[in-house]
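Chain order of the listed sequences is U and A.
Be aware that the first sequence starts at 234, since it is given in the numbering used here, and climbs by one per residue.
Be aware that the second sequence starts at 39, since it is given in the numbering used here, and climbs by one per residue.
The structure appears right after this line, and notes come after that.
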Amino acid sequence: MLKTHPSTKIVLWAIAAIVSVWLVAPTLIVIPLSFTDKASLVFPPTGWSLRWYESFFMNPQWTTALGNSLLIGLLVAILATVLGLLAAMGLRNLVNKKLAGALTFGLLAPMVVPGIVLAIGVYSVFLQAGLLGTLLGFVFAHTVLALPFTVVAITAGFANFDERLELAAQSLGATPIVTFFKVTLPNIVPGMVSGALFAFVTSFDEVMVSLFIKSPYLETLPVLMYASVTRDTDPTLAAAATVILILTTAIVIGALVFTGRKKRG
Amino acid sequence: MTTTNLPIGRADRKGSRAQSRALLLLLPAYALLIGVFAFPVLESVWRSFTDPELGLANYEWVFSNENNLTVIGRTFGNALLAMVICLLLAYPYAYLMTIVGKRARMVLVVIALIPFWTSLMIRTFAWIVLLQDSGVINSLLQLIGLEPLQLIRTNTGVLIGLSQVLMPFMVLPLYAVMSGIDHRLVTAARSLGARPSVAFFKVFLPLSLPGVAAGGLLVFIQALGFYVTPALLGSPSDSMLAQAIYAQVSGLLQWGRGGALGVILLVCTLLVLGLIGLVSKFASRRGLGIKVF
Numbered sequence: 234m235l236k237t238h239p240s241t242k243i244v245l246w247a248i249a250a251i252v253s254v255w256l257v258a259p260t261l262i263v264i265p266l267s268f269t270d271k272a273s274l275v276f277p278p279t280g281w282s283l284r285w286y287e288s289f290f291m292n293p294q295w296t297t298a299l300g301n302s303l304l305i306g307l308l309v310a311i312l313a314t315v316l317g318l319l320a321a322m323g324l325r326n327l328v329n330k331k332l333a334g335a336l337t338f339g340l341l342a343p344m345v346v347p348g349i350v351l352a353i354g355v356y357s358v359f360l361q362a363g364l365l366g367t368l369l370g371f372v373f374a375h376t377v378l379a380l381p382f383t384v385v386a387i388t389a390g391f392a393n394f395d396e397r398l399e400l401a402a403q404s405l406g407a408t409p410i411v412t413f414f415k416v417t418l419p420n421i422v423p424g425m426v427s428g429a430l431f432a433f434v435t436s437f438d439e440v441m442v443s444l445f446i447k448s449p450y451l452e453t454l455p456v457l458m459y460a461s462v463t464r465d466t467d468p469t470l471a472a473a474a475t476v477i478l479i480l481t482t483a484i485v486i487g488a489l490v491f492t493g494r495k496k497r498g
Numbered sequence: 039m040t041t042t043n044l045p046i047g048r049a050d051r052k053g054s055r056a057q058s059r060a061l062l063l064l065l066p067a068y069a070l071l072i073g074v075f076a077f078p079v080l081e082s083v084w085r086s087f088t089d090p091e092l093g094l095a096n097y098e099w100v101f102s103n104e105n106n107l108t109v110i111g112r113t114f115g116n117a118l119l120a121m122v123i124c125l126l127l128a129y130p131y132a133y134l135m136t137i138v139g140k141r142a143r144m145v146l147v148v149i150a151l152i153p154f155w156t157s158l159m160i161r162t163f164a165w166i167v168l169l170q171d172s173g174v175i176n177s178l179l180q181l182i183g184l185e186p187l188q189l190i191r192t193n194t195g196v197l198i199g200l201s202q203v204l205m206p207f208m209v210l211p212l213y214a215v216m217s218g219i220d221h222r223l224v225t226a227a228r229s230l231g232a233r234p235s236v237a238f239f240k241v242f243l244p245l246s247l248p249g250v251a252a253g254g255l256l257v258f259i260q261a262l263g264f265y266v267t268p269a270l271l272g273s274p275s276d277s278m279l280a281q282a283i284y285a286q287v288s289g290l291l292q293w294g295r296g297g298a299l300g301v302i303l304l305v306c307t308l309l310v311l312g313l314i315g316l317v318s319k320f321a322s323r324r325g326l327g328i329k330v331f
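Structure follows, in structure tokens:
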């Protein structure tokens, strides 16, 4: 390890501290704001109350949007993980390396195409197919955006997997299907779980495409937040933001605990 | 990209039957990808040449309308500025990550990753609160006796939000490259009599350039296509390309014009991505393991 002059180190730590505050503080101020007793977003709050949580959980518009987001996220996580698993297994079995490279690139493409370009395209196609504002439409659109993450996570899981275990199982008489469920699957479960969580968060967070494919009957939490921000600045938004924050943090910590335990085990 | 690390093809044991079975496994993902990704994107490209009628009228409109040129210029300017801000802040941050102990590094990694798991809407909303005329930043300015600034609904506000949101995309590639640099090279330069600053600028900095390029280009392409943050932190007169596209399609139902703007954005993004590809190819030839995604 390199020895750095103490004064250089102090400067570096000072910059890192400023950057850390800049990265983290904006998110954290949302929490105290959600407990304000005033009807305005003044920070720091002068008094405390739970009325904005009441207004969040009592307003069917907010709770429906939260429910929609949770349901869509769950369905997206399942669909993206299944499709990602099948695709990763397909890529693994491809003999032609050039073809496999090209097909992998195709699967990752939604990650690099600007969201707005995909959004107007999906809007146009859904408009013609009658999928605007439908559960199916949201699940399809979000799954496309989540698929690169599940493919990458599950492919990485396969890369760490010693495939001689499969050969050993087969040489001991296991059928391919038994080998898959008893040997392959348990070993790539951590990759699948982290892929599924990424897929859920991708869907739960998505705004751009959702803004185009929503309808008054079906909108997600970020879309409602977006609409609410442009309309007024009511602290219910801060309560909504805090609820999302707690939910996603719980998911991330859950994932860390899960993968950490797997590694140690 | 990680394509090169993917485990491709287990020995050509069963030949073409295995191959077609593998393709069959890829079919469901590709069916969705073609229906809800490739076809829609191609349809907007197609519409840019055909809506309302066949020809290049939409592109003529893009390049003859002064407002469009301003928006394109602002989009590139903002993307470039966001890239520079991120680089200036992320470089020392990532460098610190490579010289501290394990525990401190963990903390720095977690802080850099926090923005990844806090929703974009939350962070944009938080910036609205912080930057508003009576917000924390202006209260602080007044507290130390300075004039309040107009931050929200200005391009400055957009830049503050944009560079914060994109910061992790700069820190991570920089750290990936820097952690692969053999620090003994710098030590060697020092032992040969180079002053610390000379050793840094002549040895460490050039070796870290692939990370600078990768992170910079990543931030740049993301900034080009950003919608939510500029729409909420800026004013309509500070709009960027994504907002202009949204306005054409959603507000005015001008599919062709929106499509043409989208194609321009897409082409620019792909060009920059091609550059990333070249950079990582060049870097891997020099033996630097660089992972962009």
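Even for Gly, the Cβ is constructed at its ideal location relative to N, Cα and C.
- For Tyr129 (chain A), the closest of A:Ala280, A:Ile175, A:Gln281, A:Phe242 by C-alpha to C-alpha distance is A:Phe242.
- Under the DSSP assignment, Val328 (chain U) falls outside any alpha helix (DSSP H); it carries neither an H nor an E label.
- Closest in C-alpha terms to Met458 (chain U), from the list U:Ala488, U:Val345, U:Gln294, comes U:Gln294.
- At the C-beta level, Pro78 (chain A) and Val355 (chain U) come within 8 Å of one another.
- Taking CB atoms only, Leu365 (chain U) has no neighbour in chain A less than 8 Å away.
- One finds nothing in chain A with a Cβ atom closer than 9 Å to the Cβ of Asn292 (chain U); even the nearest lies about 17 Å away.
- No residue range can be given for Glu396 (chain U), since it is assigned to no alpha helix (DSSP H) and is classified by DSSP as neither H nor E.
- Taking a Cβ-Cβ cut-off of 9 Å, Trp281 (chain U) has no neighbours in chain A, whose nearest Cβ is about 17 Å from it.
- Taking the Cα of Phe258 (chain A) as reference, the smallest distance to any Cα among U:Gly370, U:Pro347, U:Asn326 is reached at U:Pro347.
- With respect to Phe371 (chain U), Ser443 (chain U) sits close: the two C-beta atoms are nearer than 8 Å.
- Restricted to the stretch 335–417 of chain U, the alpha helix (DSSP H) segments that are unbroken, complete and at least 4 residues in length are 348–362, 368–392, 397–404, 409–412, listed in chain order.
- A distance below 8 Å between beta-carbons, with the five flanking residues on each side excluded, links Leu179 (chain A) to the following residues of its chain, in chain order: Glu185, Pro186, Leu187.
- Scanning A:Ser54, A:Trp99, A:Ser58 for the CA closest to the CA of Gly296 (chain A) turns up A:Trp99.
- When A:Leu303, A:Leu311, A:Phe320, A:Gln286 are compared, the shortest CA-CA separation from Asp89 (chain A) is found for A:Gln286.
- Proximity of chain A to Thr237 (chain U) at the Cβ level (cut-off 7 Å) is accounted for by Ile137, in chain order.
- Chain-order list of chain A residues neighbouring Gly487 (chain U): empty, with the shortest C-beta distance near 12 Å, by a criterion of under 7 Å.
- Cβ neighbours of Ala298 (chain A) within its own chain (closer than 6 Å, five residues either side excluded): Ser86, Asn96, Tyr97, Val100.
- A direct Cα-Cα distance of roughly 37 Å separates Phe414 (chain U) from Val476 (chain U).
- By the neighbour-count criterion, in which 16 or more other beta carbons inside 10 Å mark a residue as buried, Asp276 (chain A) falls on the buried side.
- Closest option to Arg284 (chain U), judged by alpha-carbon separation, among U:Ile479, U:Thr469, U:Ile387: U:Thr469.
- By the 16-neighbour rule on beta-carbons within 10 angstroms, Ile446 (chain U) is buried.
- Contact between the stretch 383–403 of chain U and the stretch 425–432 of chain U is established, with three or more Cβ pairs separated by less than 8 Å.
- The residue from A:Ile182, A:Ile160, A:Leu309, A:Met208 with its alpha-carbon nearest to that of Val263 (chain U) is A:Ile160.
- A residue is called buried when at least 16 other Cβ atoms come within 10 angstroms of its Cβ; Gly424 (chain U) meets this threshold and is buried.
- Under the DSSP assignment, Ile243 (chain U) falls in the alpha helix (DSSP H) whose first and last residues are 239–261.
- Per the coordinates, the alpha-carbon of Gln260 (chain A) lies some 11 Å from the alpha-carbon of Leu304 (chain A).
- One finds Ser157, Leu158, Met159 in chain A with Cβ atoms closer than 8 Å to the Cβ of Pro455 (chain U), taken in chain order.
- Cβ contact annotation for Val209 (chain A) (same chain, cutoff 7 Å, sequence separation greater than five): Ala128, Tyr131, Ala132, Ala150, in chain order.
- Taking a 10 Å sphere around the C-beta of Thr279 (chain U), we find fewer than 16 other C-beta atoms and assign the residue as exposed.
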